[in-house]
Ligand code: ATP
Ligand code: MG
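In the numbering used here, the protein residues as written are 29 to 474.
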């Protein structure tokens, strides 16, 4: 008797040549992890260019498919009927498949044989199944070009998979195939989408959030945790770091010109994020910046902050409009959370009028107006973290292997501050740079 399965298609992995098995194995592992708690899932395995999810309950396929669609690397999920090579059995399954495809006027059958050992050719299968469907749906038309519904018949060794219900998945590559990144995560709309975007391309994401604690409430910390939970089906987040930044921002605000505060905050944030990245073995930082969106996102200001980083800074949303970002945030389930307002470090001690054309010399002077090295050290030593179970590829750094189920300080549980030295690149550049360079700033936000 035909049984319900979910058939996972993964086009892009198919392009990976000799490394293909690494991508496929990772995809199977990630899918297994994501579906581990679902009681209706029986077995997960590879079958000729697909991943097959076998179910104990035919009625669970829609739920399982919905979860699968969110797993990076999944190009498409089909709710299929798995039959034997018996013609009556798979023709009957085709009738069921077409019957569950919703309203339609036109259809066609598309047969494909993964192995040629089956006696019927694809064209014969098309005719056979098509004939049966015409008998069952006499008022519907067969249409070869752009039909409303396509009934697929995939013959694979001893199995025939028949399906019409098929949805496009999130695409991309399996998480864990593109290394690790540290993402700067606020509770706004942009950075969750930026995090998801690099996760979809196979990166394991380790978000870091700068909260205004103790000068503000810890609401933003809970919102960023909710964001990480919302991203669970995609399996991209291993751990969230939180840095209480409020007191240090106050210090900065007291000693640097008001108009330059934001750039100083952001330089410190980048330096701390980079320290965490080195600790984690992450090879890039990621932000949710989009060109010209706010004052800190002019090309000049981006350059002024990037000066601090010695690893690449990725900005996957740099060319996106806010509306596109919001549409994506709805799709990935972070929109509602990001709609809540919470004070975080970026809402603290904001200048009334950020400078629009600051000279590099002024920026460097402001940077040297406080002991930034000591501040960065101190922030790293007070970092906190919480772990999420969603990402099987995430490996915690050795010195912070202890798992935290709730947000807690990093260095009080046996972990040792690895004491990485602060990148000296910036200091060297400071010496070399002339005074004529200027930094343009605009707008009024970070
Ligand atoms: P988002 O950009 O996530 O919607 P936002 O609009 O509050 O948040 P921006 O001022 O646009 O933040 O900041 C640009 C980027 O800087 C963010 O996309 C994020 O990557 C990073 N960032 C801003 N605030 C924080 C924060 N409190 N903690 C960590 N990263 C932050
Ligand atoms: Mg933003």
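A virtual CB, placed ideally from N, CA and C, is assigned to each residue, including glycine.
Listed in chain order, the beta strand (DSSP E) elements of length 3 or more contained wholly in the region 117-174 are 134-141. Ranking 169, 289, 132 and 271 by CA distance to the CA of residue 390 puts 289 first. The straight-line gap separating the alpha-carbon atoms of residue 153 and residue 31 is approximately 20 Å. The continuous beta strand (DSSP E) containing residue 107 extends over residues 104-111. By the neighbour-count criterion, in which 16 or more other beta carbons inside 10 Å mark a residue as buried, residue 145 falls on the exposed side.
As the crow flies, the alpha-carbon of residue 234 is around 28 Å from that of residue 72.
Exclusion of the five residues before and after residue 91 leaves 66 and 68 as the residues of its chain whose Cβ lies within less than 8 Å of its Cβ. Contact check between the region 256-267 and the region 73-85: fewer than three CB pairs, one atom from each, fall below 8 Å, which does not count as touching. Residue nearest to residue 59 within the set 256, 260 and 173 is 260 (criterion: CA-CA distance). Here residue 179 is actually not in contact with residue 201; their C-beta atoms are around 30 Å apart, not less than 8 Å.
The criterion of a C-beta distance shorter than 8 Å is satisfied by residue 237 and residue 252.
Of the heavy atoms belonging to the ligand ATP, none sits nearer than 7 Å to the Cβ of residue 120. Look at the beta carbons and you see the region 136-143 not touching the region 99-118: under three pairs across the two are nearer than 8 Å. Shown here, residue 61 sits in a helix according to DSSP, grouped into three states. Short of 7 Å from the beta carbon of residue 310, and not among the five residues preceding or following it, lie these beta carbons of its own chain, in chain order: 208, 209, 210 and 234.
For residue 34, the three-state secondary structure derived from DSSP is strand. Looking from the CA of residue 357, the closest CA among 181, 436, 215 and 50 belongs to 215. Restricting attention to 319, 292 and 226, the CA atom closest to the CA of residue 397 is found in 292.
With a cut-off of 7 Å, the C-beta of residue 243 is classified as distant from the ligand ATP, since no heavy atom of the ligand falls inside that distance.
If you draw a straight line from the Cα of residue 223 to the Cα of residue 213, it is about 8 Å long. Around the beta carbon of residue 360, 16 or more other beta carbons lie within 10 angstroms, which makes this residue buried.
Here DSSP, grouped into helix, strand and coil, assigns residue 189 to strand.
In the DSSP annotation of this structure, the continuous segment of the beta strand (DSSP E) that includes residue 180 starts and ends at 177-184. With contacts defined by Cβ atoms closer than 8 Å, residue 81 and residue 96 form a contacting pair. The beta carbon of residue 57 sits closer than 7 Å to those of 420, all from its chain and outside the five residues before and after it, given in chain order.
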